[in-house]
Amino acid sequence: MCIKDVLVAAPMATISTPAFRILLEEFGGCDLYGSEMINAASLLTGGPFESYYVMAEPVPEKLIHQLVGGDLESLWKAAAYLDGIPGFGIDLNMGCSAPEIIRAGGGVRWMRSIDAARSLVAGTRARVKHKRLSVKLRLGEQEDPEYLLAFCQALVAEGIDFLTLHPRTRKDKFRRIARWEYVRLLKEHLPIPVIGNGDVRTYDDYCRVRARYCPDGVMIGRAAVRSPWIFSYIRYKEGQQLPASPFVESWNPFTVNLRAVILRFLDLLPQYQPREFLESRAKRFLQYVSGNLVFGHRFFTQVWNASGWEDLRTLVDRYFSEHPEEVVRVVE
Ligand SMILES: Cc1cc2nc3c(=O)[nH]c(=O)nc-3n(C[C@H](O)[C@H](O)[C@H](O)COP(=O)(O)O)c2cc1C
Numbered sequence: 030m031c032i033k034d035v036l037v038a039a040p041m042a043t044i045s046t047p048a049f050r051i052l053l054e055e056f057g058g059c060d061l062y063g064s065e066m067i068n069a070a071s072l073l074t075g076g077p078f079e080s081y082y083v084m085a086e087p088v089p090e091k092l093i094h095q096l097v098g099g100d101l102e103s104l105w106k107a108a109a110y111l112d113g114i115p116g117f118g119i120d121l122n123m124g125c126s127a128p129e130i131i132r133a134g135g136g137v138r139w140m141r142s143i144d145a146a147r148s149l150v151a152g153t154r155a156r157v158k159h160k161r162l163s164v165k166l167r168l169g170e171q172e173d174p175e176y177l178l179a180f181c182q183a184l185v186a187e188g189i190d191f192l193t194l195h196p197r198t199r200k201d202k203f204r205r206i207a208r209w210e211y212v213r214l215l216k217e218h219l220p221i222p223v224i225g226n227g228d229v230r231t232y233d234d235y236c237r238v239r240a241r242y243c244p245d246g247v248m249i250g251r252a253a254v255r256s257p258w259i260f261s262y263i264r265y266k267e268g269q270q271l272p273a274s275p276f277v278e279s280w281n282p283f284t285v286n287l288r289a290v291i292l293r294f295l296d297l298l299p300q301y302q303p304r305e306f307l308e309s310r311a312k313r314f315l316q317y318v319s320g321n322l323v324f325g326h327r328f329f330t331q332v333w334n335a336s337g338w339e340d341l342r343t344l345v346d347r348y349f350s351e352h353p354e355e356v357v358r359v360v361e
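Note that the numbering used here has the sequence shown beginning at 30, numbered continuously upward.
1. Could you round the C-beta distance between Ala108 and Arg147 to whole angstroms and report it? I think they count as a contact, below 8 Å.
2. My understanding is that Met66 touches Asn122, with C-beta atoms under 8 Å, so please give their C-beta distance in whole angstroms.
3. Note down the Cα distance separating Thr46 from Leu295, rounded to an integer number of angstroms.
4. Shortest alpha-carbon distance to Ala253 belongs to which of Ile263, Glu170 and Arg327?
5. Since Trp209 and Val238 should fall inside the 8 Å C-beta cutoff, what is the C-beta to C-beta distance between them, to a whole number of angstroms?
6. Please state the DSSP three-state secondary structure of Ala253.
7. For Cys125, is the classification buried or exposed, using 16 other Cβ atoms within 10 angstroms of its Cβ as the cut-off for buried?
8. Let's see if you can read the secondary structure: which residues bound the beta strand (DSSP E) around Thr193?
9. Locate the alpha helix (DSSP H) running through His326, then write down its first and last residues.
10. Answer with buried or exposed for Phe329, where buried requires no fewer than 16 other C-beta atoms within 10 angstroms of its C-beta.
11. To which residues does DSSP link Leu162 through a beta bridge?
12. Is there contact here, the stretch 31-39 with the stretch 227-247, by at least three beta-carbon pairs under 8 Å?
13. Taking Cβ to Cβ, would you say Arg293 is nearer than 8 Å to Leu53?
14. Please determine whether the Cβ atom of Asn68 lies at a distance below 7 Å from any heavy atom of ligand 1.
15. Does ligand 1 have a heavy atom nearer than 7 Å to the CB of Met41?
16. Quick check: is any heavy atom of ligand 1 less than 7 Å from the C-beta of His195?
17. Can you tell me whether Trp105 is buried or exposed, with buried defined as 16 or more other CB within 10 angstroms of its CB?
18. Which term fits Glu260, buried or exposed, when burial requires 16 or more other beta carbons within 10 angstroms of its beta carbon?
19. Name the DSSP bridge partner or partners of Ser279?
20. Taking only the alpha-carbon atoms, compute the straight-line gap between Asn68 and Gln300 and give it to the nearest angstrom.
21. Measuring alpha carbon to alpha carbon, tell me which of Lys266, Leu219, Arg204 and Lys202 ends up nearest Thr231.
22. Once DSSP output is grouped into helix, strand and coil, what is the label at Gly246?
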């Protein structure tokens with residue numbers, strides 16, 4: 030696949046499971062999917078949940094497995110392992126700003142040293158022979174366009190195929206808005222495709238970032254959880270032909286059955302997650318998707334306080350029977 034004008038579902042720990050990808054695919058899907066980040070060392074030692082993180086369903090040919098960690102040898106070996114299983118690509122996480130990941134030397138910690146990052150990519154490239162190799166990164170410790178460019182040029186020299194920039198610094202977390210002008214900077218200076226990511230919530234946002242910053246692809250995270258139809262909506266607005274979806278009641282106006290979407294996700298989850306994860310993952314999904322509901326805040330408080338996975342479906346059913354006017358939603 031050529032990385033040009035691609036729509037990408039962001040890698041999101043606790044969200045990017047096969048169940049979530051199936052939901053997006055049933056709307057019509059996007060071009061590429063990031064997996065949850067996979068801890069390289071745990072993958073090698075056979076951690077109890079790693080087999081769930083590497084699952085490539087339902088479209089292995091679109092899946093990018095993302096590795097996280099701070100140890101070169103583990104990352105190299107894990108990449109070699111992933112290169113031998115179904116999937117489109119392998120991504121190195123140089124963007125995560127979670128303190129526990131940084132303490133272990135991973136995520137955005139890699140951006141502190143060009144030499145260290147260079148070694149990581151060089152050794153990974155030598156082991157990844159069948160798949161695309163990419164890096165997802167932030168701006169780094171602070172805004173410094175020269176450093177960012179030098180950092181990315183070193184990654185390119187070591188053979189990455191494309192990169193994704195989430196243009197915030199480590200300290201920003203989600204506080205400041207994403208500074209897409211850095212996506213354009215990389216796009217103008219690097220000879221590889223550059224995917225931009227951050228704060229794309231609507232079709233208008235998508236049009237704006239494409240027109241102003243000319244990325245080779247747009248990655249969407251939180252808005253794809255809140256609105257799992259966002260990729261098909263964008264594709265529909267761009268004039269693409271989409272297959273029928275069980276959730277889309279009409280394309281114009283774009284009308285989705287929100288109740289069916291939520292219940293479908295709850296049905297899919299147990300097929301692809303260990304029992305221990307069901308409650309937390311369902312709650313995380315419901316946290317985002319309840320942003321569509323008029324009484325979403327109250328609904329999510331009930332969800333959050335529910336004592337078990339089994340109660341969640343009942344809460345969803347009850348909400349929609351009390352608010353039948355919200356079952357179907359027109360997307361603008
Ligand atoms: C719940 C959650 C989990 C995330 N997990 C990861 C991850 O595992 N790897 C990663 O590179 N980024 C992760 N991110 C960051 C997203 O991939 C993305 O860069 C960020 O959310 C900005 O995009 P957005 O504004 O479209 O959400 C996560 C974000 C969220 C909200």
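From the three backbone atoms N, C-alpha and C, an ideal C-beta is built for every residue, glycine too.
Because the structure is a prediction, the values reported are computed rather than measured.
In short, the structure shows the following:
1. With 8 Å as the limit, Ala108 and Arg147 do not qualify as a contact, their Cβ atoms being about 15 Å apart.
2. 5 Å
3. 12 Å
4. Ile263
5. 5 Å
6. helix
7. buried
8. Phe191 to Leu194
9. Gly325 to Asn334
10. buried
11. Ile119
12. yes
13. no
14. no
15. yes
16. yes
17. buried
18. At residue 260 the sequence reads Phe, which differs from the Glu that was named. So Phe260 ends up on the buried side.
19. Thr284
20. 22 Å
21. Lys266
22. strand
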